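Same order as they appear, the protein sequences are chains R and G.
Residue 1111 is where the first sequence starts when you use our numbering, and the numbers rise one by one after that.
Residue 899 is where the second sequence starts when you use our numbering, and the numbers rise one by one after that.
Working notes, structure below.
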Amino acid sequence: MPDTTAAPAPGPAEAAVESPRWPRGIRCAVVVSVDFDAELPLLAADPTTAQRVKTLSVGRYGATRGVDRLLAEFQSQGVTTTWCVPGRNAERYPHLIRAIAGHGHEIAHHGHAHEDFSRLGLAGQLEVADRGSEAIADVTGERPRGFRIPAGEWAAGFPDALADRGFIWSSSLHGDDLPHFHPARTAGPRVGTGTGRGTARRLIEIPVHHELHDHPYFFFNLDPAFPVGQSRIASYREVLGNWTTEFDAYRRFGLCYTLRLQPEVTGTPGRIGIVRELLRHIRSHDDVWIATAGEVADWWRSRNTGNAPGHPAEVFDRCARELA
Amino acid sequence: MSTPAHPTALSTAAAPGARWPGGARSAVALAFDLDGPTGDAMLSGEIWRKPAYFSLGAYGPYRALPRILGLLRSAGVTATFFVPAWVIETWPDACLAIVEQGHEVAHHGYRHERYWDLTPAEQAEVISRSQEVFTRVLGAPAQGFRTPSGDWHPQTPRLLLEAGFTYSSSMRGDDRPYFHEIDGAPTSLVEIPGRWDLDDYASLAYTREPDFPKGQDRIASYELTLDNWIREFDGHHAEGLCMTTLFHPKVSGKPGRLLLLERFLAHMSAQPGVWFAACREIAAWWAQRPAPQAGGGPEATAHA
Chain R
1111 MPDTTAAPAP GPAEAAVESP RWPRGIRCAV VVSVDFDAEL PLLAADPTTA
1161 QRVKTLSVGR YGATRGVDRL LAEFQSQGVT TTWCVPGRNA ERYPHLIRAI
1211 AGHGHEIAHH GHAHEDFSRL GLAGQLEVAD RGSEAIADVT GERPRGFRIP
1261 AGEWAAGFPD ALADRGFIWS SSLHGDDLPH FHPARTAGPR VGTGTGRGTA
1311 RRLIEIPVHH ELHDHPYFFF NLDPAFPVGQ SRIASYREVL GNWTTEFDAY
1361 RRFGLCYTLR LQPEVTGTPG RIGIVRELLR HIRSHDDVWI ATAGEVADWW
1411 RSRNTGNAPG HPAEVFDRCA RELA
Chain G
899 MSTPAHPTAL STAAAPGARW PGGARSAVAL AFDLDGPTGD AMLSGEIWRK
949 PAYFSLGAYG PYRALPRILG LLRSAGVTAT FFVPAWVIET WPDACLAIVE
999 QGHEVAHHGY RHERYWDLTP AEQAEVISRS QEVFTRVLGA PAQGFRTPSG
1049 DWHPQTPRLL LEAGFTYSSS MRGDDRPYFH EIDGAPTSLV EIPGRWDLDD
1099 YASLAYTREP DFPKGQDRIA SYELTLDNWI REFDGHHAEG LCMTTLFHPK
1149 VSGKPGRLLL LERFLAHMSA QPGVWFAACR EIAAWWAQRP APQAGGGPEA
1199 TAHA
């Protein structure tokens, strides 16, 4: 592991760690999230896979074995996590969803059939939001409060519509390594009011990053090809090194580390070991807050009233409006 | 047509002390391309329908840049930031901080245009529009140029000279500076070539849509990437060359990768005789350095 003891003089990002960003005595937040995708992304990417049982079984492994293995690891280490579940997987695997919720983990929305949002207009995306919520509520008795986009990009107005439906957080974008607010697009008070269309109603984003997601490192299928260049499966040890290095840095800079796992990718006999080692490393620090995305979002809203003017979410909102 | 005035052969026998100021053995022009969300998707307008893709780029100027400046400050190293003028207009305070902390800001298009795709008139328009932003926000026009996205146009070096640029850091074909030629005649435009090996995109960048890399290759091991970079530096230093980097704050200013940069800087700083300089300093030295002694090295031909 890298030697991170020789800290440089504080830069602007580090100086901010001194502010009460996290609960008392806490240096950084860790959200362990799981996308329970199973075979749905394969079906969404290529409907002909519906007839290709071998290919589907690559994804289905997550439901058959991966969920249980991850749950057991989380339980043995006492870690509470957030699971992003497509509605259709709630319908197909209700016993797994109940087991996940029964262990105290958070259940969030991850599309209905793991749709590519770029292929849907706003109306279609909202239909997916509603179907997925209903399917999850049918199994758990509660509508999800969090959302992670399955694939592609959402349309203008989607975050507002999610907030109107009672969602409090999203974990879909990449513009920060701290939570932030989604700007409200409708008229009314915008930043810092805490009322009406202000921060009280605005969705909190818990950003995600590709390097903290297992899929880009490990997922493989021969035909249809993934990755399209059929590159080698990454070194387990080196990926653990990347994830550990990132955690050490997130802790040093006081950020929100969001790990993103998939049962069919790291819920395997070989890879569960790197999840175990990573979680043990994280838990060996007593100044780290391992929390669900919902807990982090609630905390952030209770302590913050808006984003800095140059925040990526604010710049995008302003530019996209000007060009609309 | 621009062809480089290269030395004809590599001579490791050249006394490195004669090549760099103060008897330094090698030169390192640490450089970052602060692209932000500019590039093809912004040029087509597509990015305004892609909030997640926009966020991936905007992370650079908003979140990664201050961390990188803090690292450079603590390491006492001067660097060059090649910045599209749109980024300077959008994050003026963040970009002004680069200059205020003693680093160089240089040209990288207005919205990361492909110079290869533009007519000479369009290129001149991008340059003059960008220089206006540099002058208005940062107080001075850019001296240096790094071509965004791919190749430049055959007429680009002529336009650069006309616009008063002193150097470019766009090419890949050498491991020391050289002078660009136009129509077979050497010019005063210095090239500080880089290498794909020292472009963090080649190892660490990843997006799903639009796909990068095209084959969706794996994100490389951080440890092994750092090992590659260190080996590149060690080789350049041993041979007394000039190394520059193409690091992108949105790629290697991520928290964990900043730790790699920190270790990379620590390794380089620990070697005696490394001249860390902004690209404009390297270019000025190359243009005015003492004439090499007879038989002292192949660079002599570059002055012809």
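Where is the CB? At the ideal position from N, CA and C, for every residue including glycine.
Small disclaimer: the values here were computed from a predicted structure and weren't measured.
Fill in: Nearest-angstrom beta carbon gap, G:R1044 and G:H1006 [assumed within contact, 8 Å]
5 Å
Item to complete: Count the C-beta pairs between the region 1384–1394 of chain R and the region 1255–1265 of chain R that are closer than 8 Å, then say yes if the count reaches three, no if not.
Response: no
Worksheet entry | Reduced DSSP category for G:S909 - H, G, I as helix; E, B as strand; rest coil | Only weak support exists for where G:S909 lies, its pLDDT of 43 falling under 50; the value from the coordinates is given anyway. Correct three-state label for G:S909: coil.
Worksheet entry | Three CB pairs or more closer than 8 Å across the region 1373–1381 of chain R and the region 1320–1328 of chain R | yes
Discussion item. Residues in the same chain with beta-carbon distance under 7 Å from R:Y1171, minus the five sequence neighbours each way, listed in chain order, please.
Written reply: E1374
Discussion item. Using only the alpha-carbon positions, how far apart do R:A1344 and G:S1119 sit?
Written reply: 8 Å
Practice prompt. Using a Cβ cut-off of 9 Å, pull out every chain G residue sitting near R:P1078, in sequence order please.
Written response: Chain R is shown from 1111 up to 1434; residue 1078 of chain R falls before or after that span and cannot be answered.
Practice prompt. Give the secondary structure of G:S1047 by DSSP, where H, G and I count as helix, E and B as strand, and everything else as coil.
Written response: coil
Worksheet item: Would you call the CB atoms of R:I1400 and R:V1142 closer than 9 Å?
Response: yes
Discussion item. What does the alpha-carbon distance come out to for the pair G:Y1008 and R:E1348?
Written reply: 38 Å
Worksheet entry | Helix, strand or coil at G:A927 [DSSP, three-state] | strand
Item to complete: List the residues of chain G whose Cβ lies closer than 7 Å to the Cβ of R:S1345, in chain order.
Response: S1119
Worksheet item: Which one or two residues does DSSP pair with G:C993 in a beta bridge?
Response: According to DSSP, which records beta bridges pairwise, G:C993 is partnered with nothing at all.
Worksheet item: Where does G:D1132 fall in DSSP's three states?
Response: helix
Practice prompt. Can you check DSSP and say which residues form a bridge with R:W1279?
Written response: R:G1256 and R:I1314
Worksheet item: Any heavy atom of the ligand NAP closer than 8 Å to the CB of G:L963?
Response: Looking for the ligand NAP in the displayed structure turns up nothing, as the structure carries no ligands at all.
Item to complete: Count the other C-beta atoms from every protein chain shown that fall within 10 angstroms of the C-beta of G:W1094, then say buried if there are 16 or more, exposed otherwise.
Response: exposed
Fill in: Minimum length 3: unbroken beta strand (DSSP E) runs contained in the region 1309–1374 of chain R
1366–1371
Worksheet entry | Rounded separation between G:R923 and G:L1096 - CA only | 20 Å
Practice prompt. May I have the straight-line CA-CA distance separating R:R1307 from R:P1269, to the nearest angstrom?
Written response: Residue placement at R:R1307 is poorly supported in this model, since its pLDDT is 45, which falls under 50; the coordinates still yield a value, given next. Cα to Cα, the separation comes out at about 13 Å.
Worksheet item: Name the DSSP bridge partner or partners of G:Y1065?
Response: G:G1042 and G:V1088
Practice prompt. For the beta strand (DSSP E) holding R:E1149, just list the boundary residues, first then last.
Written response: Neither: R:E1149 is in no beta strand (DSSP E) and is coded neither H nor E.
Item to complete: Mind checking the region 941–957 of chain G against chain R and listing, in chain order, the residues whose C-beta falls within less than 9 Å of any C-beta there?
Response: G943, I945, W946, R947, K948, P949, A950, Y951, F952, S953, L954, G955, A956 and Y957
Worksheet item: Are G:I1117 and R:H1320 close, meaning C-beta to C-beta below 9 Å?
Response: yes
Worksheet item: Got a sec, what are the start and stop residues for the alpha helix (DSSP H) R:I1067 sits in?
Response: In the structure as shown, chain R begins at 1111 and stops at 1434. Residue 1067 of chain R is therefore absent and cannot be evaluated.
Worksheet item: In the structure shown, what three-state DSSP assignment does G:W1183 receive?
Response: helix
Worksheet item: Per DSSP, what kind of secondary structure is G:W1173 in: helix, strand or coil?
Response: strand
Worksheet entry | Cβ shell of G:Q1186 (< 8 Å), same chain only, five flanking positions each side left out | none
Fill in: Within 8 Å of chain G by C-beta, residues of the region 1323–1346 of chain R in sequence order
P1326, Y1327, F1336, P1337, V1338, G1339, Q1340, S1341, R1342, I1343, A1344 and S1345
Worksheet item: Whose C-alpha, out of R:F1184, R:D1147, R:L1180 and R:A1182, is nearest the C-alpha of R:A1166?
Response: Just to set this straight, residue 1166 of chain R is Leu in the shown sequence, not Ala. The shortest C-alpha separation from R:L1166 is found at R:D1147.
Fill in: Partners in chain G for R:W1264, counting only beta-carbon separations shorter than 9 Å
P949 and A950
Discussion item. As an exercise, report each continuous alpha helix (DSSP H) stretch of at least 4 residues that is fully enclosed by the region 1147–1215 of chain R, in chain order.
Written reply: 1150–1155, 1163–1171, 1177–1187, 1197–1202 and 1204–1212
Item to complete: Check whether the Cβ of R:E1225 lies closer than 9 Å to any Cβ atom in chain C.
Response: The displayed structure is made up of protein chains R and G, and chain C is not among them.
Discussion item. As a quick exercise: from G:Y1013, G:E1030, G:L1144 and G:S1067, pick the residue whose alpha carbon is nearest that of G:S1101.
Written reply: G:L1144
Worksheet entry | Three-way DSSP call (helix, strand, coil) for G:W1014 in this model | helix
Worksheet item: Taking Cβ positions, are G:G1092 and G:T1142 nearer each other than 9 Å?
Response: yes
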